[in-house]
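Here's the structure we're looking at; comments come further down.
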Amino acid sequence: MPDATLRDWLRRATQVLSDAGVGSPRPDAERLAAHGLGIAWSELWLRLDDPVQVAPLDALIERRASHEPLAYITGSVVFWGLEMACGPGALVPRPETETLVDVALELTSGSQRAVDVGTGTGAVAVAFARERPGAEVWATDISPDALRWADRNVARHAPGVRLVPGDLLGPVPRRLRGSIDLVMSNPPYVPEGRSDLLGPDVLREPAQALFAGPDGDEVLVRLVGEAGEALASDGVLALEVGTPEQAERVRTLVAGWKASGVRDDHTGRPRVVWARGPR
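Heads up, the sequence shown stops at 280 in our numbering, and the numbers go up one at a time, no gaps.
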């Protein structure tokens with residue numbers, strides 16, 4: 002196809018994405034145009050009448066129309082105001098997970114020893130460490146692919162975060178058990194076999210980071226148990242959950258703790274269950 006103006010290409014690309022069932026066709030077309038042209042999104046408006054080579058841009062649109070996550074195509078996503086490297090093998094950080102960071106910061110203060118379990122891209126650990134430069138922050142994940150993305154984000158934004166491979170709190174040194182001030186996690190919490198609950202974009206992300214047993218709470222249950230042994234006597238546990246029912250199940254698990262609560266995300270859905278003082 003011959004060259005077109007950027008304005009015309011954006012109009013056509015938006016229609017292609019809309020026809021493919023992409024949820025935000027115009028914003029995605031704009032982001033892909035900026036990425037393909039190597040310019041900032043804000044510069045698009047100055048170049049709408051410029052001719053563009055459409056073939057490279059069309060290739061990006063084809064990937065997005067197949068429901069490849071936008072962050073995988075562009076190689077990054079903004080979380081907590083920071084550009085996080087992201088790609089295949091890692092869960093894409095989402096705005097609602099910023100609620101987890103909010104809760105972690107509100108319930109702790111000063112120099113803390115914190116662990117982000119199942120860190121993925123490292124977004125939560127990095128965001129917390131940026132806000133608490135005096136904290137000792139550890140981050141674990143069982144996925145080597147995810148840890149490679151986390152390593153890039155830690156190196157760029159929060160070099161003090163310590164990444165350790167392994168399952169849940171298992172890789173945290175035993176000498177730290179009983180002295181951790183904060184355990185936070187966005188664990189897998191979707192019931193196995195319930196891919197119908199997820200959009201086609203999300204299903205392109207790693208299943209290991211999404212699904213957790215027949216009820217979706219397999220990892221949550223294990224993590225509550227491990228956190229109870231690892232946290233200091235007044236330590237805080239903060240866990241992202243997927244549904245109101247799941248939030249209540251987790252609160253039942255921490256019924257013997259000193260205090261607990263549920264925090265809604267920006268959409269008004271119960272998103273984070275927190276508990277203080279396992280003993």
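Glycine included, every Cβ here is placed at the ideal spot set by N, Cα and C.
Among the options, which one has its Cα closest to the Cα of residue i?
| i | options | result |
| --- | --- | --- |
| residue 27 | 136, 40, 8 | 8 |
| residue 64 | 21, 117, 102, 94 | 21 |
| residue 267 | 4, 31, 100, 23 | 100 |
| residue 191 | 179, 52, 212, 184 | 212 |
| residue 50 | 239, 4, 195, 216 | 4 |
Should residue i be labelled buried (16 or more other beta-carbon atoms within 10 Å of its own) or exposed?
| i | result |
| --- | --- |
| residue 15 | buried |
| residue 40 | exposed |
| residue 256 | exposed |
| residue 235 | exposed |
| residue 280 | exposed |
| residue 130 | buried |
| residue 277 | buried |
| residue 228 | buried |
| residue 206 | buried |
| residue 138 | buried |
| residue 10 | buried |
| residue 90 | buried |
Mind checking who residue i pairs with in its DSSP beta bridge?
| i | result |
| --- | --- |
| residue 243 | Partner(s): none; residue 243 has no beta bridge. |
| residue 225 | The partner list for residue 225 (beta bridge, DSSP) is empty, contrary to what the question assumes. |
| residue 46 | According to DSSP, residue 46 bridges with nothing at all. |
| residue 212 | 191 |
| residue 206 | Partner(s): none; residue 206 has no beta bridge. |
| residue 275 | 239, 262 |
| residue 255 | None; residue 255 has no bridge partner. |
Which whole-angstrom value describes the C-beta separation of residue i and residue j, a residue pair presumed to lie in contact below a C-beta threshold of 8 angstroms?
| i | j | result |
| --- | --- | --- |
| residue 123 | residue 151 | 3 angstroms |
| residue 53 | residue 116 | About 47 angstroms separates the two Cβ atoms, so there is no contact after all. |
| residue 214 | residue 193 | 6 angstroms |
Tell me the residue span of the beta strand (DSSP E) that contains residue i.
| i | result |
| --- | --- |
| residue 139 | 137-142 |
| residue 77 | 77-80 |
| residue 181 | 181-186 |
| residue 164 | 163-166 |
| residue 115 | 114-118 |
What residue range does the alpha helix (DSSP H) around residue i cover?
| i | result |
| --- | --- |
| residue 19 | 7-20 |
| residue 84 | Per DSSP, residue 84 belongs to no alpha helix (DSSP H); it is in the beta strand (DSSP E), 83-86. |
Do we get a CB-CB distance below 8 angstroms when we pair residue i with the residues of chain C?
| i | result |
| --- | --- |
| residue 38 | Of the chains in the structure shown, none is chain C; there is only one protein chain. |
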